[in-house]
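J.:
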Amino acid sequence: MRYAWLVTSNKTYLPSLRAMLNALEYYGYDSSLDVHVIHDTDITEWLEKIREDFSFRIVAVPLAPLCQEGHSLPHNLIYAKYRHAWNIAGRYDAVMHID
Numbered sequence: 080m081r082y083a084w085l086v087t088s089n090k091t092y093l094p095s096l097r098a099m100l101n102a103l104e105y106y107g108y109d110s111s112l113d114v115h116v117i118h119d120t121d122i123t124e125w126l127e128k129i130r131e132d133f134s135f136r137i138v139a140v141p142l143a144p145l146c147q148e149g150h151s152l153p154h155n156l157i158y159a160k161y162r163h164a165w166n167i168a169g170r171y172d173a174v175m176h177i178d
């Protein structure tokens with residue numbers, strides 16, 4: 080079975096993202112889980128550095144292509160999870176997103 084966990088983040092939410100990823104590792108999530116981090120450009124380099132550090136796969140997803148034009152960053156951080164979940168739903172047995 081394949082599972083996707085979606086979360087949006089930027090530099091402001093980086094401490095929470097780190098805590099979540101470390102908790103998933105601590106509780107033994109494995110390669111059946113893909114963590115899709117929908118992100119703003121300010122954490123792109125950090126995601127590249129940590130993508131091999133966990134027992135599950137980190138999928139870096141740029142925020143910009145998922146945004147609604149003319150909306151604020153907070154709105155797009157919420158909206159993007161739903162749009163991305165719709166885009167990937169057929170590849171997973173379950174998709175969950177974090178707010």
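Per the numbering used here, residue 80 is the first one in the sequence shown, and the count goes up by one each step.
Note that the Cβ used here is the ideal one computed from N, Cα and C, for glycine as well.
Taking C-alpha atoms, which residue in Asn-155, Arg-136, Pro-144 lies nearest to Asn-101?
T.: Reading the sequence shown from its first residue, position 22 is the one you call residue 101. Asn-101 has its Cα closest to that of Arg-136, out of Asn-155, Arg-136, Pro-144.
J.: Any idea what DSSP makes of Ser-88, helix, strand or coil?
T.: Counted from its first residue, the sequence shown places residue 88 at position 9. Strand, per DSSP.
J.: Using DSSP with H/G/I as helix, E/B as strand and the rest coil, what is Arg-81?
T.: The sequence position of residue 81 within the sequence shown is 2, counting from 1. Here Arg-81 sits in coil by DSSP.
J.: With DSSP as the reference, please indicate the residues paired to Ala-139 in a beta bridge.
T.: Counting from one through the sequence shown, the residue named residue 139 turns up at place 60. In DSSP, Ala-139 forms a bridge with Val-116.
J.: Would you mind sorting Trp-165 into buried or exposed? The rule is 16 or more other CB atoms within 10 Å of its CB.
T.: Numbered from 1 along the sequence shown, position 86 holds the residue referred to as residue 165. The residue in question, Trp-165, is exposed, as its Cβ has fewer than 16 Cβ neighbours within 10 Å.
J.: So, do the segment 107 to 117 and the segment 127 to 141 have three or more beta carbon pairs nearer to each other than 8 Å?
T.: Verdict: yes, contact present.
J.: Restricting to Cα atoms, I'd like to know which of Ser-95, Arg-97, Ala-159, Val-86 is closest to Val-114.
T.: Translated into positions along the sequence shown, residue 114 becomes position 35. It is Val-86.
J.: Please list, in chain order, all residues of the same chain as Ala-173 whose beta carbon is under 6 Å from its beta carbon, the five residues on each side excluded.
T.: As a first step, residue 173 must be located in the sequence shown, where it is residue number 94. These residues qualify, in order along the chain: Tyr-82.
J.: Report the three-state DSSP secondary structure of His-150 (helix, strand or coil).
T.: Taking the sequence shown and counting its residues from 1, the one referred to as residue 150 is at position 71. DSSP places His-150 in coil when its eight states are reduced to three.
J.: When we look at the beta-carbon of Leu-152 and count the other beta-carbons within 10 Å, is it buried (16 or more) or exposed?
T.: Within the sequence shown, residue 152 is the residue found at index 73, counting from 1. It is exposed - the Cβ of Leu-152 has fewer than 16 other Cβ atoms within 10 Å.
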